[in-house]
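Protein chains in written order, with the working numbering: chain X, 4 to 595; chain E, 4 to 595.
A short write-up of the structure that comes next.
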């Protein structure tokens, strides 16, 4: 069975040496001194390691069961959930006005990675609640906020998002769920929603469903969609639970992974719902939740990669097989540990250099969120909006790839259930699919985000890279293997953007055919930038006399690996992009 | 649930238009006229589609069970196996002297792909038997051949290969299983073997285990290993079954996929074994079986990709979601089929261009086998020896990747068990691991095969590509998008080889650090060559007036896609290779 070691040291290094949180002027960051974050991370890490991780296999093996409309979660999940609520972990960054702790997102992403790495299926219950909290917080009336937020932040009520129906997922304009207005201002919701994560379960007193539906007579398609809050139990005026609402879990999905999370078919049969936000503006309200969920899913990708890598590394250091070709490293043993072999190293370094770079990237994203949410910084808001599809799409594609690489490190053992690596692969796989498939992320990126604010945000991104390179031209650590590759990769990204502008005008398919490669190209540039920043911070610490040389030097070496062996793929992505629509669209659909 | 459509048309096209089998001078090829192969493929396709494929999900859901040493295979497996034996499908290319049908390997790989695509876990029972037949055929005494081959070729007895032990897989020099010589010339075999596919089951009357063991007093390590045939039931002189041998299935492995195949722990407790081949030369004998198994596993990779792609394509043509950005394609429907969207196309074309190219590559490999086995062509033997790790490693890595891409085409449905795509992913995953992990394949390629015959074989490969390009310089179809990329990719492969020669001398890790990328680079060049040959054949057929224009033109377009959008990655592999050992080996093992 796999184990989990919380990466608290790396998280501390990123928070304080790379992002220098307590030196930043972002509201609330000044509280994040080393001791405080160390205490928080230490405690979160303990729960992840000792409480959540041991339940990860249990959740996979037992799954959820449905009987007479009641969903039972795996053994131990409820107790663990209660413990998380008691510790306030689900509400770390929630609004203190409603009982949250008001911590910055950058700290929440740090603890969230550990909970998710330890038990992804479990953490989804709280994760979706978090998104529902944000949506109600942003779009609900004061009365709605007071009714729902305190209980949800406490964790006693959980939340869900209901978008997909059997005949439509991506194309939400087609939804059929109806919301009929009643005289008392409520709506009767009728329809079927599928793939509703945590749609029904036994861990909380109430479940607050956020449901997309159409009010009859409204505009066609996406413009006629509204968002409703539809609680499992209606809430009395005094806040106590009232009648059971007319909604039921109609079935559990049988899935490849995340068995510990209940994925429900939800049937709404004239259930009482309350409009959230404006009528027919439901997509905007849902996107508050969706954007947050996308960042969470991006985290799931690298978090699964992170725990898989840890276990692959432990195996590689332990398993004796063959000899180092340059001379035995374990002469007294029957063989050397397989980590001596270059191809095993190549595999491990691909894993490590991604996981640690991705961790930095997600924290960087959280910094933009904090700037936006705490200080109303519109440019930061635009930047995280641009980066969201990259974080979701790139980090889940590569995170999944890392779980596969880690499984490979174990050879035959990786394929057995006993060693647990195969569960990471199966769990991570969904992250590429839900909250908008990664193909949809790439369309969002190229079709919407690139052009936002007249292209100002993508230009700001390029400036940011350029400025970093310029400011650090004299840095000796960066001069050796960082700045040149970063410059080249960034040039490839710009060339791809130019291609889209020039050729996309002639035929939009010229841009859309390259969207997926663009998302990956963009992701690599971001990780390249992250590694350059990490290496700079490590170099600075060494120069300042830090004695933690092994850790700091290995950061620089891992960064160099990324720049040398991962970044060159940007040229291939560019070549694919520049081939345009012609090769992609050449076949008639009938001739496939 | 997924379905399967046998690719008989494509197989016929490859056999007759690309490889022109009946025009070749290889012994037995003159019998392979269009009508004959059409009849064989048609019949094999029917069984694959109607008998094996419906059992694929059954095998996954039920798995195998072990009770009191008896392994029960999933419902329907035995009946289907009997039907395969009756039809002679397991012995299509076996020696007629022992009851086989003596067909060329190129036909066997064509039918084998269909059986494997339809039900990989099922087909493994016959596949391993096939390898055991070859090993006994090549290394057994006449008496051994007469004892075992007819029953195995008939299918009434199956075979296994026993290499791995709990503490060693790749490093077989460490095995502990003992073979103690007895006065009657037999050996007593004692030890434990793990991950033995089809080690115990209820489909055949006897199971013929080929077991690696050490005879006490022999040389240390790999040079002291011998190969033994250890039947489940001893065989009487008259060929009837005698005593039950002292061997038992001690447990079934719980695995990520191929649940329909029984993966056994095998305990040998003084079991009677018979030496096969020379004492202490067991690895050579086992390699006859292993090389064959590696080619079979390469086929598993693209066969799973092939069936996954088919189902992804069907979904993409059926699922209505969104509108073609250049104008509705299904104006009367609520939305267009998702195949209109460029990013869905990109995904499908990546799948299609790999699967069809891989099919050609495997058949090309079979042609070398036929030249070698039927006509004693040593150069062909050397070539297939060089290509074996590429076929195994590249086709399984990419085949798995295709199953993941296909799953992605289905969005959320791809993650559910109901649609069956996730089973292809889980089943295909093992192909990258067993019969030598793909990392081991890359070491075999770079460490052994590149240098074989003083480098003559790799030079012969380059000549073959060069000659093809030269001979077809005037070909209009190939001039447009084929020859130039092929030349470039081949140059990258040569540059990588040069780097290994120059830098590997200084430090072998400079070569070994790039072995995995080299294997992929090599695979791409092979598929590039295949697509050029396919396009040439399609162009020739069109020029000769074939009216099958849709099929032939789509072949050329798919080939162009591969050359334009897949082949450019060779430059990235070269860049990774040329970075040498330094970035890979920079960290101390302790500093990971």
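Quick reminder that beta carbons are idealized off the backbone N, C-alpha and C, glycines included.
Bear in mind that the values here come from a model prediction, so they are computed numbers and not experimental data.
- prompt: Quick one: does residue 442 of chain E have its CB under 7 Å from some CB of chain X?
  reply: As a first step, residue 442 of chain E must be located in the second chain, where it is residue number 439. With 7 Å as the cut-off, residue 442 of chain E counts as an interface residue toward chain X.
- prompt: Exposed or buried, which one is residue 43 of chain X when buried takes at least 16 other CB atoms within 10 Å?
  reply: Within the first chain, numbered from 1, the residue matching residue 43 of chain X stands at position 40. With 16 or more other Cβ atoms within 10 Å, it is buried.
task: List the whole-angstrom C-beta distance separating residue 489 of chain X from residue 472 of chain X, where the pair is believed to meet the contact cut-off of C-beta under 8 Å.
output: On the first chain, residue 489 of chain X is found 486 positions in, with the first residue counted as 1. On the first chain, residue 472 of chain X is found 469 positions in, with the first residue counted as 1. Right, the Cβ-Cβ distance comes to about 6 Å (below 8 Å), so this counts as a contact.
- request: Take every Cβ of the stretch 475 to 493 of chain E, pair it with every Cβ of the stretch 564 to 575 of chain E, and state whether three or more of those distances are shorter than 8 Å.
  value: yes
Proximal residues, the stretch 194 to 212 of chain E versus chain X, C-beta separation under 9 Å: 197 and 198
- request: Give the residues from the stretch 164 to 179 of chain X that approach chain E closer than 7 Å (Cβ to any Cβ), ordered along the chain.
  value: 167, 171, 172, 173, 174 and 177
- request: In angstroms with no decimal places, state the Cα-to-Cα distance between residue 16 of chain X and residue 320 of chain X.
  value: In the first chain, the residue the question calls residue 16 of chain X occupies position 13. In the first chain, the residue the question calls residue 320 of chain X occupies position 317. Roughly 25 Å separates the two Cα atoms.
field: Inter-residue Cα distance where the pair is residue 300 of chain E and residue 392 of chain E
entry: Taking the second chain and counting its residues from 1, one reaches residue 300 of chain E at position 297. Taking the second chain and counting its residues from 1, one reaches residue 392 of chain E at position 389. Taking the straight line joining both Cα atoms gives about 11 Å.
query: Beta-carbon of residue 515 of chain E versus every beta-carbon of chain X: anything under 7 Å?
result: Residue 515 of chain E sits at position 512 when you count from the first residue of the second chain. Under the Cβ criterion of 7 Å, residue 515 of chain E is counted among the residues facing chain X.
task: Give me whichever residues DSSP pairs with residue 576 of chain E in a beta bridge.
output: In the second chain, counting from the first residue as 1, residue 576 of chain E sits at position 573. None; residue 576 of chain E has no bridge partner.
task: Rank X/78, X/595, X/73 and X/453 by C-alpha distance to the C-alpha of residue 209 of chain X and give the top, closest one.
output: To locate residue 209 of chain X, count along the first chain from 1; it is residue 206. With respect to the C-alpha of residue 209 of chain X, the residue from X/78, X/595, X/73 and X/453 having the closest C-alpha is X/73.
task: Note down, in chain order, each residue of its chain lying with its Cβ closer than 7 Å to the Cβ of residue 156 of chain X, except the 5 sequence neighbours on either side.
output: Locating residue 156 of chain X in the first chain gives position 153, where the first residue counts as 1. If we look at residue 156 of chain X and ignore the five residues flanking it on each side, its Cβ neighbours are 94, 97, 101, 102, 103 and 136.
query: Identify the residues that DSSP records as bridge partners of residue 252 of chain X: which are they?
result: In the first chain, counting from the first residue as 1, residue 252 of chain X sits at position 249. Answer is X/269, bridged to residue 252 of chain X.
field: Runs of alpha helix (DSSP H) lying entirely within the stretch 445 to 530 of chain E, each at least 4 residues, in chain order
entry: 459 to 474, 479 to 482, 486 to 509 and 511 to 515
field: Start and end residues, beta strand (DSSP E) containing residue 75 of chain X
entry: Along the first chain, one-based indexing puts residue 75 of chain X at 72. From DSSP, the beta strand (DSSP E) with residue 75 of chain X extends over 73 to 75.
field: residue 386 of chain E vs residue 448 of chain E beta-carbon contact at 7 Å
entry: Here the question's residue 386 of chain E lines up with position 383 in the second chain. Here the question's residue 448 of chain E lines up with position 445 in the second chain. Cβ distance not < 7 Å, so residue 386 of chain E and residue 448 of chain E don't count as in contact.
message: Quick check on residue 17 of chain X: does DSSP put it in helix, strand or coil?
response: Position 14 of the first chain, counting from 1, holds the residue named residue 17 of chain X. Helix.
- prompt: According to the Cβ coordinates, are residue 480 of chain X and residue 431 of chain X closer than 7 Å?
  reply: Start at 1 with the first residue of the first chain, and residue 480 of chain X comes out as number 477. Start at 1 with the first residue of the first chain, and residue 431 of chain X comes out as number 428. It is not a contact, given that the beta carbons lie outside the stated cut-off.
query: Are residue 107 of chain X and residue 31 of chain X touching if we call contact CB-CB under 7 Å?
result: The residue given as residue 107 of chain X occupies position 104 in the first chain. The residue given as residue 31 of chain X occupies position 28 in the first chain. It is a contact, given that the beta carbons lie within the stated cut-off.
query: Using a C-beta cutoff of 7 Å, does residue 597 of chain X count as contacting chain E?
result: A query on residue 597 of chain X cannot be resolved here, the shown segment of chain X reaching from 4 to 595 and no further.
- prompt: Are the C-beta atoms of residue 587 of chain X and some chain E residue less than 7 Å apart?
  reply: By one-based count along the first chain, residue 587 of chain X stands at place 584. True, the Cβ-Cβ gap to chain E drops below 7 Å.
- request: Measure the C-alpha to C-alpha separation of residue 297 of chain E and residue 452 of chain E and round it to an integer number of angstroms.
  value: Reading the second chain from its first residue, position 294 is the one you call residue 297 of chain E. Reading the second chain from its first residue, position 449 is the one you call residue 452 of chain E. In a straight line, the C-alpha of residue 297 of chain E is about 15 Å away from that of residue 452 of chain E.
- prompt: Is it true that the CB of residue 377 of chain X sits closer than 7 Å to the CB of residue 29 of chain X?
  reply: In the first chain, counting from the first residue as 1, residue 29 of chain X sits at position 26. In the first chain, counting from the first residue as 1, residue 377 of chain X sits at position 374. Result yes, Cβ atoms of residue 29 of chain X and residue 377 of chain X sit closer than 7 Å.
query: When DSSP labels each residue in this structure, what does residue 171 of chain E get in the three-state scheme?
result: Start at 1 with the first residue of the second chain, and residue 171 of chain E comes out as number 168. The answer is strand: DSSP assigns residue 171 of chain E an E or B state.
field: Proximity to residue 199 of chain E [Cα-Cα], best of E/466, E/269 and E/381
entry: On the second chain, residue 199 of chain E is found 196 positions in, with the first residue counted as 1. Of the candidates E/466, E/269 and E/381, the residue whose Cα lies closest to the Cα of residue 199 of chain E is E/269.
- prompt: For the alpha helix (DSSP H) that residue 345 of chain E lies in, which residues bound it at each end?
  reply: As a working note, residue 345 of chain E is residue 342 in the second chain. It spans 345 to 378 - the alpha helix (DSSP H) in which residue 345 of chain E sits, taken as one unbroken run.
- prompt: Whose C-beta lies closer than 8 Å to the C-beta of residue 581 of chain X among residues of the same chain, with five residues either side of it excluded?
  reply: In the first chain, the residue the question calls residue 581 of chain X occupies position 578. If we look at residue 581 of chain X and ignore the five residues flanking it on each side, its Cβ neighbours are 498, 499, 502 and 517.
query: Which ranges does the alpha helix (DSSP H) cover as unbroken runs of at least 4 residues, wholly within the stretch 258 to 346 of chain E, from first to last along the chain?
result: 285 to 321
query: Residues of chain E with a CB under 7 Å from the CB of residue 430 of chain X: which are they?
result: Your numbering for residue 430 of chain X matches position 427 in the first chain. Chain E residues near residue 430 of chain X: none, gap ~11 Å exceeds 7 Å.
query: In the stretch 438 to 466 of chain X, which residues sit with their C-beta less than 8 Å from some C-beta in chain E, listed in chain order?
result: 440, 441, 442, 445 and 446
field: Interfacial residues, the stretch 346 to 365 of chain X to chain E, with Cβ spacing under 8 Å
entry: 346, 347, 348, 349, 350, 351, 352 and 355
message: Between residue 155 of chain X and chain E, is the shortest Cβ-Cβ distance under 7 Å, so that the two count as touching?
response: Start at 1 with the first residue of the first chain, and residue 155 of chain X comes out as number 152. So no, residue 155 of chain X is outside the interface.
message: Please report the distance separating the alpha-carbon of residue 450 of chain X from that of residue 592 of chain X.
response: For the purposes of this step, residue 450 of chain X is taken as the residue at position 447 of the first chain. For the purposes of this step, residue 592 of chain X is taken as the residue at position 589 of the first chain. Rounded to whole angstroms, residue 450 of chain X to residue 592 of chain X spans 23 Å at the Cα level.
query: Buried or exposed: residue 266 of chain X, going by 16 or more other Cβ atoms within 10 Å of its Cβ?
result: Here residue 266 of chain X corresponds to residue number 263 of the first chain, with the count starting at 1. By the 10 Å Cβ count, residue 266 of chain X comes out buried.
task: State yes or no: is the beta carbon of residue 511 of chain X nearer than 7 Å to at least one beta carbon in chain E?
output: If you number the first chain from 1, residue 511 of chain X lands on position 508. So, interface residue.
- prompt: Where does residue 422 of chain X fall in DSSP's three states?
  reply: Residue 422 of chain X sits at position 419 when you count from the first residue of the first chain. Residue 422 of chain X: coil per DSSP, three-state reduction.
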